[in-house]
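Read the structure below first, then the notes.
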Amino acid sequence: MSAFVVKILLVLAVLILVAAAVSRMRGRRSVGPVRQRMPKLVLVVGALFVAVGGLMALASFTEKNTDGMLWPMRIASLVIGLGGVAFLVMYRNFYVEPRVDEVAFRTIWGREAVIAYSDIVDYYVRASGGQLQLTVRAASGPRLRLNPRIYDLSPLLRANEFRQHNGRWPLRGELHGGTGTVSR
0 MSAFVVKILL
10 VLAVLILVAA
20 AVSRMRGRRS
30 VGPVRQRMPK
40 LVLVVGALFV
50 AVGGLMALAS
60 FTEKNTDGML
70 WPMRIASLVI
80 GLGGVAFLVM
90 YRNFYVEPRV
100 DEVAFRTIWG
110 REAVIAYSDI
120 VDYYVRASGG
130 QLQLTVRAAS
140 GPRLRLNPRI
150 YDLSPLLRAN
160 EFRQHNGRWP
170 LRGELHGGTG
180 TVSR
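According to numbering that gives the first Met the number 0, the residues represented by the sequence shown are 0 to 183, in order.
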């Protein structure tokens, strides 16, 4: 395949990806003020890795490889590009949404879960590498682990204060003046 054809294919692929991203962002509706995503730094790093990987691929695949010296650069460009895509997927998938009676979240792998405050069996904060790390695990299995300084978890912290005061986690409706009965 000639270098000119490869250049054209790479430029078309980038244009298609940019057009798809812009069209998805334009029609996106607001989910609400409580859904929190990863910091924007993850998005910027992912975009930079994809751009650098694309430029390296463009440079290495369009040059003639008569002596085989461009294979390491080609492999590196693919690895860097895929690493950037992984950062973008992580940013796209993950969110945490603390609600009055529960915390909903989606992992970086796309698995959604909800932990009701009355269902919490493990709740602890520890220092790990100079950062705080909050771990919440439900009796039904889901586990949420994140930095409480990055995300606003005030409903969960209010539920923990309730637990410390009353000796148990609040039932549905207890924190906002309801009856406290669990509706199923």
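Glycine included, every Cβ here is placed at the ideal spot set by N, Cα and C.
Alpha-carbon to alpha-carbon, residue 104 and residue 93: Each residue's alpha carbon lies about 7 Å from the other.
Three CB pairs or more closer than 8 Å across the region 135–149 and the region 104–119: A contact between stretches requires three or more CB pairs, one per stretch, nearer than 8 Å, and the region 135–149 meets this requirement with the region 104–119.
Classification of residue 139 by the beta-carbon crowding that lies within 10 angstroms, buried from 16 upward: Exposed is the call here.
Distance CB(residue 60)-CB(residue 82) smaller than 7 Å: No. Outside cutoff.
Three or more C-beta pairs below 8 Å linking the region 61–78 and the region 120–135: At 8 Å Cβ cutoff, the stretches do not touch.
Under 7 Å between C-beta atoms of residue 135 and residue 149: Against a cut-off of 7 Å, the Cβ pair of residue 149 and residue 135 comes out as no contact.
CB-CB length for residue 77 against residue 50, believed under 8 Å: Contact doesn't hold; Cβ gap of about 14 Å is too wide.
Span separating the alpha-carbon of residue 9 from that of residue 18: The straight-line gap from Cα to Cα measures roughly 14 Å.
With 16 other Cβ atoms within 10 Å as the buried cut-off, status of residue 1: With fewer than 16 other Cβ atoms from the protein chains shown falling within 10 Å of its own Cβ, residue 1 counts as exposed.
C-alpha distance - residue 151 paired with residue 39, whole-angstrom precision: One Cα belongs to residue 151, the other to residue 39, and the distance between them is close to 16 Å.
Three-state class that DSSP yields for residue 142 in the structure shown: In this structure, residue 142 counts as strand in the three-state DSSP scheme.
Bridge-paired residues (DSSP) for residue 119: For residue 119, DSSP records a beta bridge to 137.
Assigned exposure category for residue 171 - 16 Cβ within 10 Å defines buried: Buried, by the Cβ-count rule.
Residue 20 versus residue 79: straight-line alpha-carbon distance, rounded: Roughly 20 Å separates the two Cα atoms.
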